[in-house]
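See below for the structure under consideration.
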Amino acid sequence: MSGTNSERELIAEGPAIILVEPQLGENIGMVARAMANFGLAELRLVSPRDGWPNEKARSAASKADHVIDGAVVFETLEDATRDLNFVYATTARERYGFKPVRSPVYAASTLREKFRAGEKTGILFGRERWGLSNEEVALADEIVTFPVNPAFASLNIAQAVLLMSYDWMKSGMDDIEETRFQPIEQRPSTKDQVFGMFEQIEEALDARGYFHPPEKKPKMIDNLRAVLSRRSFSEQEVSVFRGVIKSLDAFPRQWPRKTAPRQKKADVAEETEGNGGDE
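Just so you know, we're using my numbering here: the sequence shown kicks off at 11 and counts up by one.
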């Protein structure tokens, strides 16, 4: 889904995303993209297998260059978390220890509270093939796990980061039902405009022999109007419908279908140009 806009404010805050021994540069890039989607920017890499920097990661990041450029590499997980106040470890496996296990919603809310209090936080994500070890999970304060199919709980690393990043973004919204943009406001049409559309459509169809046999015409018109009046039209929608019908007049009305002359595309385009706003 395209939506990159360099003219709008770039959100870059929140917990550090820490990848432990990530293998493929492409996966790191997709993680960076997921982070950028939801306002996260601090990426920490613990011993990436293919080294760093990695051009495949940059390519897969799809313009999330601020995340890629700011990524920091550490030799050990201890070094990567040394300056943090609170850390979550992500896992889909049951861990028989003493760590509280949280949902992504709960974890995101906790991280948001700590962020607002000025604390530094992080989220650990394990290797593509087998995740985090018990020793690595032990370095975290709490565990976060996702509500997935128990018989198929495996997520790739970018998916896991995306899910956690999404809940992080939601935790900062005053209303979780709010959207980033709204449809263009349109004025509702008047009945007179709708009646004019009905008449135009019916006249165009009548000229082409649509209402056949003639004795069924009144009922067919009733059915047509019932279909077209199932919802309230805006003025713009009425204009679109009328423009469509007007475009039919680019073709002769009384010619049999099989012998109707074909107009050149340029002629049709010239005749129909701007019809979306005609009434």
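We put the beta carbon where it would ideally sit given N, CA and C, even for glycine.
Please classify Gly-141: does DSSP put it in a helix, a strand, or coil? Gly-141: strand per DSSP, three-state reduction.
Could you tell me whether the region 58-69 touches the region 94-106, using the rule of 3 or more Cβ pairs below 8 Å? By the Cβ rule, the region 58-69 does not count as touching the region 94-106, because fewer than three pairs are nearer than 8 Å.
For Pro-25, which of helix, strand or coil comes out of DSSP? In this structure, Pro-25 counts as coil in the three-state DSSP scheme.
Under 6 Å Cβ to Cβ from Arg-197, same chain only, skipping five residues before and after it: list those, please. Apart from sequence neighbours up to five positions away, the residues of its chain that approach Arg-197 with a beta-carbon distance below 6 Å are Glu-245, ordered along the chain.
I believe Val-154 touches Gln-203 by the beta-carbon criterion, under 8 Å. Please report the beta-carbon distance rounded to the nearest angstrom. About 55 Å; that fails the 8 Å criterion.
In terms of DSSP beta bridges, what is Thr-100 paired with? DSSP output for Thr-100 lists Val-154 as bridge partner(s).
Tell me the residue span of the alpha helix (DSSP H) that contains Arg-235. Bounds of the alpha helix (DSSP H) holding Arg-235 are 227-238.
Going by beta-carbon coordinates alone, are Ala-44 and Ala-168 separated by less than 8 Å? Their beta carbons are under 8 Å apart, which means Ala-44 touches Ala-168 by this criterion.
Within 10 angstroms of its Cβ, does Met-40 collect 16 or more other Cβ (buried), or is it exposed? Counting of Cβ neighbours within 10 angstroms places Met-40 among the buried residues, the total reaching 16 or more.
Assumed close pair Trp-178, Leu-121 - CB separation to whole angstroms, cut-off 8 Å: Taking 8 Å as the upper bound for CB-CB distance, Trp-178 and Leu-121 are in contact here, some 6 Å apart.
Leu-55 bridges to which residues according to DSSP? Its beta-bridge partners are Leu-29, Val-83.
Terminal residues of the beta strand (DSSP E) in which Ile-133 lies: Where Ile-133 is concerned, the enclosing beta strand (DSSP E) stretches over 131-135.
Go ahead and label Ile-27 buried or exposed: buried means 16 or more other beta carbons lie within 10 angstroms of its beta carbon, across all protein chains shown. Here Ile-27 is buried. Its C-beta has 16 or more other C-beta atoms within 10 Å.
Hey, Leu-149 and Leu-87 are a contact pair by Cβ (cut 8 Å); roughly how many whole angstroms apart? Going by Cβ atoms, the distance from Leu-149 to Leu-87 rounds to 6 Å, so yes, they are a contact pair.
Give me the Cα-Cα distance between Ala-42 and Ile-78, rounded to the nearest whole angstrom. Each residue's Cα considered, the two are about 7 Å apart.
Applying the criterion that 16 or more other CB atoms from any shown protein chain within 10 Å of the CB defines a buried residue, is Gly-35 buried or exposed? Answer is buried; the Cβ neighbour count reaches 16.
Are the beta-carbon atoms belonging to Phe-251 and Met-207 less than 8 Å from one another? It is a contact, given that the beta carbons lie within the stated cut-off.
Look up Pro-63 in the DSSP assignment and say whether it is helix, strand or coil. Looking at Pro-63 - three-state DSSP - the assignment turns out to be coil, as it is neither helix nor strand.
Reference Ala-22, options Ala-51, Lys-256, Pro-63, closest by Cα: Looking at the Cα atoms, Ala-51 is the closest of the given residues.
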